[in-house]
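Before any comments, here is the structure.
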Amino acid sequence: MEESKIFSLEDVRVTDDRSTYSNYKEVKTNKIHFDWFVNFETSQLEGRVTLKMTALTDVQTVILDSWQLNIINIPGATFKLGEEKDIGSKLEVTLDNKVTSGSDFDLEIEYTTLPNSSALSWLQPDQTLDKEHPFLFSQSEPIYARCIFPCQDTPSIKTSYTAKTKVKNPLTVLLSADVVSEETTEDGFKITEFNMPMPIPSYLVSICAGNLAFRKIGERCGIYAEESYVDTCAAEFEDMEKFLKVGEEILFEYPLKNYFVVILPPSFPYGGMENPITTFATPTIVVGDKSAVNVVCHEITHSWTGNYLTNSNWEDFWLNEGFTRYIEAKMIHRLYGDNAHKLHLKEGLSNLQGVLQNKTGKGAGCVLVPELNEHQNPDDVLGITQYEKGHYFLYYLELLLTEEKFLEFIRNYLKTREGGNIATREFVAELIDFIKSNYDEAKSQEILSKIDFKEWLYSGELPPVIHDSDFEEWKQMESVYDQFKDGKDPENLDIFKESVGLLIAFTQKIMLNEEHFDSDKLAKIDEALHISENKNCEVLVGWYHAALKLNYSVIHDQIYKFLGEVGRMKFVLPLFVALKEVNKEKAESVYDDNKSFYHAICKGQIQKILA
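Right, dumping it as structure tokens:
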């Protein structure tokens with residue numbers, strides 16, 4: 005058959021980074037050194053950053069991204085800080101002398117962060133578990149590294165870095181880097197030196213500081229948490245080394261030396277953040293039965309997909325998250341079996357249906373490769389779609405090519421770029437080349453004719469191909485759901501004791517079909533399954549959403565309390581969407597009561613929901 009326009013590269017839009025002010029195509033950062041004093045008295049990082057740069061053309065002006073920073077001095081240059089907008093400010097640095105193309109130079113910037121930094125959460129002792137010491141943690145993805153240091157804040161620029169930090173003893177500082185040395189001074193400060201040897205984008209620069217204890221798990225892994233909590237966390241994640249080895253079996257050798265997880269206070273706005281070497285994670289994944297440890301599988305996978313090979317810009321975010329979700333599913337299959345993998349696929353589809361019903365707070369659309377506006381914050385657009393539709397797309401490609409062949413493609417795809425960047429158009433080109441070089445002309449044309457790239461990449465709907473992933477226990481769950489929906493008394497409730505994943509799917513199904521339920525039916529379900537007593541937030545979010553929409557008022561106070569204790573946006577935002585729809589005044593009141601608890605990124609998203 006004649007080559008179809010369906011798989012023509014002309015149909016794949018060229019993406020670009022619209023969320024940076026930096027002139028990264030004229031000058032690039034090669035290495036960074038940080039010298040920071042972590043000042044808990046003023047809630048500021050104080051010090052300097054040195055950017056080792058190379059001119060890609062003759063330049064005298066370097067434009068950097070900056071946001072909520074106090075720039076003090078730049079030796080050998082003058083500077084002008086532009087007006088602060090939705091993506092921060094343009095820091096325009098005019099060098100005293102022009103730099104010729106190909107030449108290297110250093111840019112040293114003395115500065116401080118501001119106490120209201122969107123990237124840094126400074127917690128008082130009473131906001132921590134042990135109530136004794138303050139705590140700091142950062143969140144840089146997607147464009148908040150510019151709130152921590154002036155930089156070329158685009159994933160297209162990847163650098164190694166070194167750092168030296170100072171903090172009052174007994175607090176510990178951790179970065180997304182290896183600890184090289186640590187000493188305590190006579191005047192009561194802890195000085196730590198760090199090294200990150202692998203080039204990483206700015207959004208993976210991270211810092212946390214607190215009274216942290218450590219437990220080693222296996223040869224390369226370990227867990228950090230507050231002293232009273234660390235043993236509980238270590239027990240929950242005792243299989244971490246096994247996860248890492250399974251990732252290596254699927255892909256190739258882990259690209260760094262160590263892998264640690266830091267369990268942060270509950271205001272952390274994400275399930276996990278894949279900061280290399282030192283993953284940050286929410287305490288909501290510590291539930292006592294290991295039912296939420298797939299988050300760690302996901303973050304470990306980012307060591308290859310996202311950290312080692314990174315999306316070129318934020319329109320291509322699915323290349324980070326879709327690939328990570330796909331390999332995470334491979335890990336789950338190998339660790340827990342076929343049904344667990346099928347449940348993973350079902351969960352992804354349910355999440356996408358929630359997006360289409362606008363239950364997530366991020367708009368109702370499933371475009372895999374969105375087109376961002378100039379100077380738009382990617383946080384306003386990116387979300388579940390890039391994870392789940394991306395995963396579905398890759399799984400569909402696996403079904404066309406076979407698992408063995410598609411994993412061969414992924415390994416080559418990761419290795420040949422040697423830890424660089426990838427854009428959607430480059431991915432499509434490499435995929436087409438791989439198919440054509442591994443199959444004869446007739447077979448390659450047959451495969452390519454089945455891939456509607458435009459539909460997968462740019463349609464705002466569900467995936468064009470939905471995989472049949474039913475299994476016996478899933479059918480039993482649906483039977484229980486149907487009986488509750490029809491007001492009957494179901495049997496076989498024991499399936500939920502055997503699988504928390506099925507209970508999560510059950511409450512999600514109720515949330516997606518709330519029109520078939522009322523408060524009496526919810527009360528009957530609660531009496532039978534005691535869902536309101538469950539400790540797993542993944543179970544509770546769909547249940548709480550339905551309870552708000554259907555006025556199951558007996559647990560409303562419990563929901564309001566939950567919203568003051570959990571800061572993970574995956575759970576918080578859908579509940580504010582539901583609460584606003586039924587009682588906007590109450591939603592505003594709950595937000596006002598808890599806004600000092602939420603992370604700045606979470607606060608911004610809640611404010612958009614309530615606006």
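According to the numbering used here, the sequence shown is numbered sequentially starting from 5. Positions of the beta carbon are idealized from the N, C-alpha and C atoms, including for glycine.
Requested in this report: Within 10 angstroms of the Cβ of ASN540, are there 16 or more other Cβ atoms? Answer buried if so, exposed if not.
Outcome: Translated into positions along the sequence shown, residue 540 becomes position 536. ASN540 should be labelled buried.
Requested in this report: Enumerate in chain order the residues of its own chain whose CB-to-CB distance from SER523 is below 6 Å, with the five nearest sequence positions on each side excluded.
Outcome: Against the sequence shown, residue 523 aligns to sequence position 519. Excluding the 5 residues flanking it on each side, SER523 has same chain C-beta neighbours closer than 6 Å at LEU554, ASN555 and TYR556, in chain order.
Query raised in the report: Using DSSP with H/G/I as helix, E/B as strand and the rest coil, what is ASP486?
Result: Locating residue 486 in the sequence shown gives position 482, where the first residue counts as 1. Three-state DSSP puts ASP486 in a helix.
**Report entry** Residue range of the beta strand (DSSP E) that includes ARG52
**Finding:** Walking along the sequence shown from the start, residue 52 turns up at place 48. In the DSSP assignment, ARG52 falls within the unbroken beta strand (DSSP E) covering 48-59.
**Report entry** From PRO374, CYS301 and GLN611, residue whose alpha carbon lies closest to that of ASP320
**Finding:** What you label residue 320 is simply residue 316 of the sequence shown in a count that begins at 1. Of the candidates PRO374, CYS301 and GLN611, the residue whose Cα lies closest to the Cα of ASP320 is PRO374.
Query raised in the report: Taking the alpha-carbon positions, what's the SER593 to ALA582 distance?
Result: By one-based count along the sequence shown, residue 593 stands at place 589. By one-based count along the sequence shown, residue 582 stands at place 578. Approximately 14 Å, taken between the alpha carbons.
Query raised in the report: Which term fits ILE147, buried or exposed, when burial requires 16 or more other beta carbons within 10 angstroms of its beta carbon?
Result: As a working note, residue 147 is residue 143 in the sequence shown. By the neighbour-count criterion, in which a residue is buried when 16 or more other Cβ atoms sit within 10 angstroms of its Cβ, ILE147 is buried.
Report task. With DSSP as the reference, label ALA427 as helix, strand or coil. Result -> If you number the sequence shown from 1, residue 427 lands on position 423. In the displayed model, ALA427 falls within coil according to three-state DSSP, outside both helix and strand.
Report task. Under 8 Å Cβ to Cβ from LEU418, same chain only, skipping five residues before and after it: list those, please. Result -> Reading the sequence shown from its first residue, position 414 is the one you call residue 418. So the qualifying residues of the chain are LEU255, PHE256, TRP308, THR309, TYR312 and LEU313.
Requested in this report: Please work out which residues of its chain come closer than 7 Å, Cβ to Cβ, to TYR28, disregarding the five sequence neighbours upstream and downstream, and give them in chain order.
Outcome: Residue mapping note: residue 28 aligns to position 24 of the sequence shown, counting from 1. Answer for TYR28: GLN156, THR158, SER160 and ILE161, listed in chain order.
Report task. Tell whether a beta-carbon distance below 8 Å holds between PHE3 and PHE500. Result -> Absent from the model: residue 3. The displayed extent of the chain is 5 to 615, so no value can be given.
**Report entry** Presumed contact (8 Å Cβ cut-off) between HIS603 and SER271, rounded CB distance
**Finding:** By 1-based counting over the sequence shown, the position of residue 603 is 599. By 1-based counting over the sequence shown, the position of residue 271 is 267. HIS603 to SER271, Cβ: 5 Å. Contact.
Query raised in the report: At which residues does the beta strand (DSSP E) containing GLU114 begin and terminate?
Result: For the purposes of this step, residue 114 is identified with residue 110 of the sequence shown, where counting begins at 1. Note, GLU114: beta strand (DSSP E), 108-117.
Query raised in the report: Where do the N-terminal and C-terminal ends of the alpha helix (DSSP H) with ILE514 fall, by residue?
Result: Here residue 514 is taken as the residue at index 510 of the sequence shown, counted from 1. Where ILE514 is concerned, the enclosing alpha helix (DSSP H) stretches over 504-516.
Query raised in the report: Under 8 Å between the Cβ atoms of ILE221 and GLU197?
Result: The residue given as residue 221 occupies position 217 in the sequence shown. The residue given as residue 197 occupies position 193 in the sequence shown. The answer is no: Cβ separation not under 8 Å.
Report task. Measuring alpha carbon to alpha carbon, tell me which of GLN357, PHE153 and ASP383 ends up nearest GLN609. Result -> In the sequence shown, counting from the first residue as 1, residue 609 sits at position 605. Of GLN357, PHE153 and ASP383, the residue nearest in Cα terms is ASP383.
Query - Check whether SER473 and LYS346 have beta carbons under 8 Å apart - result: Working through the sequence shown from its first residue, we reach residue 473 at position 469. Working through the sequence shown from its first residue, we reach residue 346 at position 342. Taking 8 Å as the cut-off, the beta carbon of SER473 is found closer than this to the beta carbon of LYS346.
Query raised in the report: Can you name, in chain order, every residue of its own chain whose Cβ lies under 7 Å from the Cβ of ASP134, other than the five neighbours on each side?
Result: Locating residue 134 in the sequence shown gives position 130, counting from the first residue. Hits under 7 Å: ASN215, GLU230, GLU231 and SER232.
Query - Supposed contact pair LEU208 and SER164 - C-beta distance, whole angstroms, cut 8 Å - result: Numbered from 1 along the sequence shown, position 160 holds the residue referred to as residue 164. Numbered from 1 along the sequence shown, position 204 holds the residue referred to as residue 208. Taking 8 Å as the upper bound for CB-CB distance, SER164 and LEU208 are not in contact here, some 11 Å apart.
Query raised in the report: In terms of residue numbering, what span does the alpha helix (DSSP H) encompassing PRO159 cover?
Result: As a first step, residue 159 must be located in the sequence shown, where it is residue number 155. Careful: PRO159 lies outside any alpha helix (DSSP H) and carries neither H nor E.
Query raised in the report: How would you label LEU452, buried or exposed, when you count the other beta carbons within 10 angstroms and need 16 or more for buried?
Result: What you label residue 452 is simply residue 448 of the sequence shown in a count that begins at 1. With a 10 Å radius around the Cβ and a threshold of 16 neighbouring Cβ atoms, LEU452 comes out buried.
Query - Cut-off 7 Å between Cβ atoms - residues of its own chain near LYS294, not counting five sequence neighbours on either side - result: Your numbering for residue 294 matches position 290 in the sequence shown. Listed in chain order, the non-local C-beta contacts of LYS294 below 7 Å within the same chain comprise GLU240, local neighbours out to five positions each way being set aside.
Report task. Can you tell me which of the three DSSP states LYS539 falls into? Result -> Counted from its first residue, the sequence shown places residue 539 at position 535. Coil, per DSSP.
Requested in this report: Could you check the C-alpha separation between LEU360 and VAL543 for me, to the nearest Å?
Outcome: Position 356 of the sequence shown, counted from the first residue, corresponds to residue 360. Position 539 of the sequence shown, counted from the first residue, corresponds to residue 543. Whole-angstrom Cα-Cα distance: 20 Å.
Query raised in the report: Expressed to the nearest angstrom, what Euclidean distance is found between the alpha-carbon atoms of GLY96 and THR82?
Result: For the purposes of this step, residue 96 is taken as the residue at position 92 of the sequence shown. For the purposes of this step, residue 82 is taken as the residue at position 78 of the sequence shown. According to the sequence provided, residue 96 is Glu. The question's Gly does not apply to it. Each residue's CA atom was taken as its position, placing GLU96 and THR82 some 8 Å apart.
Requested in this report: Specify whether the segment 44-51 and the segment 393-405 touch according to this definition: at least 3 beta carbon pairs, one from each stretch, less than 8 Å apart.
Outcome: The segment 44-51 is not in contact with the segment 393-405.
Query raised in the report: Any idea what DSSP makes of TYR148, helix, strand or coil?
Result: To locate residue 148, count along the sequence shown from 1; it is residue 144. In the structure shown, TYR148 sits in coil (DSSP, three-state: anything other than H, G, I, E or B).
Query raised in the report: Can you tell me whether DSSP reads ILE64 as helix, strand or coil?
Result: Taking the sequence shown and counting its residues from 1, the one referred to as residue 64 is at position 60. In the sequence on display, residue 64 carries Gln and not Ile. Residue state for GLN64 is assigned as strand, using DSSP reduced to three classes.
**Report entry** Straight-line Cα distance separating HIS395 from CYS370
**Finding:** If you number the sequence shown from 1, residue 370 lands on position 366. If you number the sequence shown from 1, residue 395 lands on position 391. Roughly 13 Å separates the two Cα atoms.
Query raised in the report: Going by Cα to Cα distance, which pick from PHE580, PHE457, ASP597 and PRO119 is closest to GLU14?
Result: If you number the sequence shown from 1, residue 14 lands on position 10. Residue PHE457 holds the alpha-carbon nearest to the alpha-carbon of GLU14 among PHE580, PHE457, ASP597 and PRO119.
**Report entry** Where ASN555 falls: helix, strand or coil (DSSP)
**Finding:** Stepping through the sequence shown from its first residue, residue 555 is reached at position 551. Of the three classes helix, strand and coil, the one that applies to ASN555 here is coil, per DSSP.
Query raised in the report: Excluding sequence positions up to five away, which residues of its chain have a Cβ less than 8 Å from the Cβ of ARG429?
Result: What you label residue 429 is simply residue 425 of the sequence shown in a count that begins at 1. Only LEU13, VAL16, ARG17, VAL18 and THR19 meet the Cβ criterion.
Query - Cβ pair count under 8 Å reaching 3, the segment 62-72 against the segment 22-42 - result: Contact check between the segment 62-72 and the segment 22-42: three or more CB pairs, one atom from each, fall below 8 Å, which counts as touching.
Query raised in the report: Can you pull the DSSP bridge partners for LYS565?
Result: Position 561 of the sequence shown, counted from the first residue, corresponds to residue 565. For LYS565, which the question treats as bridged, DSSP gives no partner whatsoever.
**Report entry** Closest Cα partner of PHE575 within the set THR328, VAL469 and ILE289
**Finding:** Residue mapping note: residue 575 aligns to position 571 of the sequence shown, counting from 1. Nearest of THR328, VAL469 and ILE289 to PHE575, Cα basis: ILE289.
Query raised in the report: How would you call GLN64, buried or exposed, if buried means at least 16 neighbouring beta carbons within 10 angstroms?
Result: Counting from one through the sequence shown, the residue named residue 64 turns up at place 60. With fewer than 16 other Cβ atoms within 10 Å, it is exposed.
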